[in-house]
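Note sheet for the following structure.
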Amino acid sequence: MPYNCHVHLFSIRNLPNAFYGFPGFARLANKPKLTAASIKALERIAPVSDNFKRLIAFAKIGMLQHQQEVFEHLRKAYEYDDNWKFIVLTMDMDHMNAGKAQENFYAQIEEIYALKKQFPKQIFGFVGFDPRNADGLHTVQHSIERKHFYGVKLYPPLGFYPFDHRMESLYAYAQEHQIPLMTHCDIGGIHYQSDEKWGILKKKNRISDAHRRPVSFCGIPEEIQQRLNDDTDYACFRYNFSNPVNYEPVLKQFPDLKICLAHAGGSIYMNHDQKNIDERKCTALGTQNWFDRVKSLLRYKNVYTDVSYTLYEHAVFDDIAALIREFPDKVLFGTDFFMTEKENPEQKLVKDFRAAISADQWEQITEHNPRRYLTSSFHQNLP
Amino acid sequence: MPALLTYLLSLAAVYLLLSNIVSSFLELWNAYSGRIHKRKIFLREMLEKALTDEKSNLVAELYRHPQIAQQLSGTDYMPSAIDGQNFADALFSIIAEKTVDVGATAADRVSVSNAERFVQGIALVNSYKQQQFLYSLLPSGNDHADHAEAIKTNIVKWFDAYMARISGEYKRRQKKPLFVIALLVAMVLNVNGLTLFQDLWHNQNAQKALEAKMTMLAAQGSMQVYEGENPKELMDSVTRELNRMGLPIGINPGVWKACLNKKEPFKRDAASESPGFWGVTWNYIRLLIGYILAALLMRMGAPFWWDVINKIINLRSVGTSKK
Chain A
1 MPYNCHVHLF
11 SIRNLPNAFY
21 GFPGFARLAN
31 KPKLTAASIK
41 ALERIAPVSD
51 NFKRLIAFAK
61 IGMLQHQQEV
71 FEHLRKAYEY
81 DDNWKFIVLT
91 MDMDHMNAGK
101 AQENFYAQIE
111 EIYALKKQFP
121 KQIFGFVGFD
131 PRNADGLHTV
141 QHSIERKHFY
151 GVKLYPPLGF
161 YPFDHRMESL
171 YAYAQEHQIP
181 LMTHCDIGGI
191 HYQSDEKWGI
201 LKKKNRISDA
211 HRRPVSFCGI
221 PEEIQQRLND
231 DTDYACFRYN
241 FSNPVNYEPV
251 LKQFPDLKIC
261 LAHAGGSIYM
271 NHDQKNIDER
281 KCTALGTQNW
291 FDRVKSLLRY
301 KNVYTDVSYT
311 LYEHAVFDDI
321 AALIREFPDK
331 VLFGTDFFMT
341 EKENPEQKLV
351 KDFRAAISAD
361 QWEQITEHNP
371 RRYLTSSFHQ
381 NLP
Chain B
1001 MPALLTYLLS
1011 LAAVYLLLSN
1021 IVSSFLELWN
1031 AYSGRIHKRK
1041 IFLREMLEKA
1051 LTDEKSNLVA
1061 ELYRHPQIAQ
1071 QLSGTDYMPS
1081 AIDGQNFADA
1091 LFSIIAEKTV
1101 DVGATAADRV
1111 SVSNAERFVQ
1121 GIALVNSYKQ
1131 QQFLYSLLPS
1141 GNDHADHAEA
1151 IKTNIVKWFD
1161 AYMARISGEY
1171 KRRQKKPLFV
1181 IALLVAMVLN
1191 VNGLTLFQDL
1201 WHNQNAQKAL
1211 EAKMTMLAAQ
1221 GSMQVYEGEN
1231 PKELMDSVTR
1241 ELNRMGLPIG
1251 INPGVWKACL
1261 NKKEPFKRDA
1271 ASESPGFWGV
1281 TWNYIRLLIG
1291 YILAALLMRM
1301 GAPFWWDVIN
1311 KIINLRSVGT
1321 SKK
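Protein chains in written order, with the working numbering: chain A, 1 to 383; chain B, 1001 to 1323.
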């Protein structure tokens, strides 16, 4: 009974209006015929490049209207094998300063709950948490205690720090009940928007005071404090949210917190190939290897990491295999569906990676570790 | 007095017939200009106004519900209209389903009555505001166990009343295109609001014929004069009928040319053959005013004129019975 511990099912209706900095993005959701026709037209010219082909495949899923449809794509990728179980990560994108989504965060949760009723043994929902949502903790408690959600998804790049003072009550609740948290630890992904329209196209973006001077419940790592003062370029500044060093003070205060630092810091730091980082000239990224940082945090009893998104790069398979050897109980298997569709199809990711590690390692990261990770005081027996 | 009523009735009848043409062209315009899509978005926005807030999104759940989703075709994700009963069935089912836990069996579902599940489900809606709204739909009395149908009836009542309210808002948004289409119809069919008053006043036959037709339609209770025809056919039928009655309505480019020669009301220089620059200008302005007046009256819409006709018929029948 293998687990894929990192999948997303959100549809275009769940994305805020200025997603990726382009105002009106979410309005595309109301033009399904136009988007379908555009994708069809692009598909005709897609074969010119493999990358373009993959991008179209990604857009095809990303433009779907309902999470149920995205889930159908996922099931198809696994040839409708009902043995596979999926940790489905919802995200609260209502506070990323990108406007309203066609269907807000609560609609996203309700849809996953409805899917859970339909696929009780396959779907393991994680409810998104954002400290700027005043109702966030209540939503987490309600979803976990009454709606069969299994854990909490954190996505700091949406504009909050893991040491934010409003996170403390969540950590206390999660630690008390051993509820698993999943957090984003990679420089990629989506980020909070600046206050400017078309912000993504501008080099300098306004960094808000709240981001420059956060209030922490456990202290701010010295290195991050320095960067909060020094970084003036939004393109670099935004990486401060997802830096794994932020979890050090948190884990000092909550040493039993069950948390997975997803993406293992990012494949960009594996294989010691930091060429791309140097090109960006971001001091926030170049000085320390996030992969090593994640490894150093695995010394805490309940800290996990997953290999999601990294799997499209065959060059890092050796690093991942070494990571599993070094921390056999701490690594989870995940793909980051459907984000990875722009790199490789899901089937290929799983197949290639499966071939790259031993059967024991595979069983460890797809079955034993996920079961331990998912077990909490609310969910002792997994379906 | 009856003569005046007959005249007013026939005038309203002409505008009812013409409003029907305008409405059918508006439908055509809506279909080809993406306005039907805008209507879908408008419907969703209005429902969200009532049923969605920052803490819940019942509309998203409603639109995914089979009662509504099954009525959509292909790539369509939003209906342009929802039947009240379908809405009630879907909303009832969504709220009642909130009490059903993951892995519940059919036996679990029938162990509690539907109405009771609905009442319990309200407490599971995330938003207090929405909870209050849903509680307000419950029939009076404490025992709701056997009142599933009564609850659904209340939902239908609320939905129909809400739709009636928002249709007013939708009509307001439609006024601009409606006026443009009405003006075009007036210009193409040469419906001059100023001269039509006169023409009809002097045409007793047309008044009588229209009075008879409207009395018959009122007795049938239907304002649909010509059913199942496309706008072009409808336009032809109406103009043919009005022409037969001797009313000068129909395509006639000659009226524009006539403005160049018509001397009234600038008759002072009787010897001159031409009405002069100001005379021609005035003729065109008058023609345009006539068209605008006709367009404004056609824009009132067929339901308005049908209402006027019924009121006149009622008024007349009251007068007759008193006699």
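No residue lacks a Cβ here, since even glycine has one placed at the ideal position from N, Cα and C.
Item: Taking the continuous beta strand (DSSP E) assigned at residue 1289(B), which residues delimit it?; Value: Taken as a continuous stretch (DSSP letters only), residue 1289(B) belongs to no beta strand (DSSP E), being part of the alpha helix (DSSP H) at 1276 to 1299.
Item: Could you spell out where the beta strand (DSSP E) holding residue 88(A) opens and where it closes?; Value: 85 to 89
Item: Suppose the cutoff is 6 Å on Cβ atoms and the five residues either side in sequence are ignored; what does the same chain contact list for residue 42(A) look like?; Value: 56
Item: If you draw a straight line from the alpha carbon of residue 279(A) to that of residue 261(A), how long is it in whole angstroms?; Value: Here residue 279(A) scores only 47 on pLDDT, less than 50, and its place in the model should not be relied on; the value that follows carries that caveat. Approximately 25 Å, taken between the alpha carbons.
Item: Thinking residue 1206(B) and residue 1313(B) are a contact (beta carbons under 8 Å), I'd like their distance in whole angstroms, please.; Value: Incorrect: roughly 18 Å between the Cβ atoms, too far for contact.
Item: Quick one: grab the DSSP three-state call for residue 162(A).; Value: coil
Item: Does the beta carbon of residue 65(A) come closer than 9 Å to any beta carbon on chain B?; Value: yes
Item: Quick one: which chain A residues come within Cβ less than 7 Å of residue 1191(B)?; Value: Here the premise fails: no neighbours, minimum Cβ distance about 37 Å.
Item: My output table needs one value for residue 307(A): the three-state DSSP class, helix, strand or coil.; Value: coil
Item: Just to make sure I have the definition right: I need the residues of chain A whose C-beta is within less than 7 Å of the C-beta of residue 1093(B). Which are they?; Value: Simply none; closest approach about 12 Å.
Item: State yes or no: is the C-beta of residue 1120(B) within less than 9 Å of the C-beta of residue 1110(B)?; Value: no
Item: Give me the DSSP bridge partner(s) of residue 1053(B).; Value: 1056(B)
Item: For residue 1106(B) and residue 1029(B), what's the separation of their Cα atoms in angstroms?; Value: 49 Å
Item: Can you list, in chain order, the residues of its chain with a C-beta nearer than 8 Å to that of residue 141(A)? Leave out the 5 residues immediately preceding and following it.; Value: 173
Item: Rounded to whole angstroms, what's the CA-CA distance from residue 12(A) to residue 347(A)? Just pull it up for me.; Value: 23 Å
Item: Are the CB atoms of residue 147(A) and residue 183(A) nearer to each other than 9 Å?; Value: no
Item: Using beta carbons (cut-off 9 Å, strictly below), is residue 1050(B) in contact with chain A?; Value: no
Item: State yes or no: is the C-beta of residue 328(A) within less than 9 Å of the C-beta of residue 3(A)?; Value: no
Item: Taking C-beta pairs closer than 9 Å, name the residues in chain A that residue 976(B) reaches, listed in chain order.; Value: Chain B is shown from 1001 up to 1323; residue 976(B) falls before or after that span and cannot be answered.
Item: Thinking C-beta only, is residue 1216(B) closer than 9 Å to residue 1015(B)?; Value: no
Item: Counting C-beta neighbours from all protein chains within 10 Å, is the total for residue 374(A) 16 or more, i.e. buried, or is it exposed?; Value: buried
Item: Do we get a CB-CB distance below 9 Å when we pair residue 381(A) with the residues of chain B?; Value: no
Item: Could you give the residue range of the beta strand (DSSP E) that holds residue 4(A)?; Value: 3 to 7
Item: Anything in chain A within Cβ reach of residue 1068(B), meaning under 9 Å, just list it in chain order.; Value: Result: empty, since nearest Cβ-Cβ is about 13 Å, beyond 9 Å.
Item: Is residue 8(A) close to chain B? Criterion is C-beta to C-beta, closer than 9 Å.; Value: no
Item: Buried or exposed: where does residue 10(A) fall if 16 or more other Cβ atoms within 10 Å of its Cβ makes it buried?; Value: buried
Item: Quick one: is residue 114(A) near chain B, going by C-beta distance under 9 Å?; Value: yes
Item: Below 7 Å between beta carbons is the criterion; list the residues of the segment 36 to 62 of chain A that meet it against any residue of chain B, in chain order.; Value: 36
Item: Going straight from the alpha carbon of residue 263(A) to that of residue 310(A), what length do you get?; Value: 7 Å
Item: For the putative contact between residue 1073(B) and residue 1039(B), defined by C-beta atoms under 8 Å, what is the C-beta separation to the nearest angstrom?; Value: Contact doesn't hold; Cβ gap of about 16 Å is too wide.
Item: Please name the residue in 93(A), 74(A), 36(A) whose C-alpha comes closest to that of residue 349(A).; Value: 74(A)
Item: Going by DSSP, what residue range makes up the alpha helix (DSSP H) through residue 58(A)?; Value: 50 to 62
Item: Cα-Cα, which of 130(A), 366(A), 150(A) is closest to residue 241(A)?; Value: 130(A)
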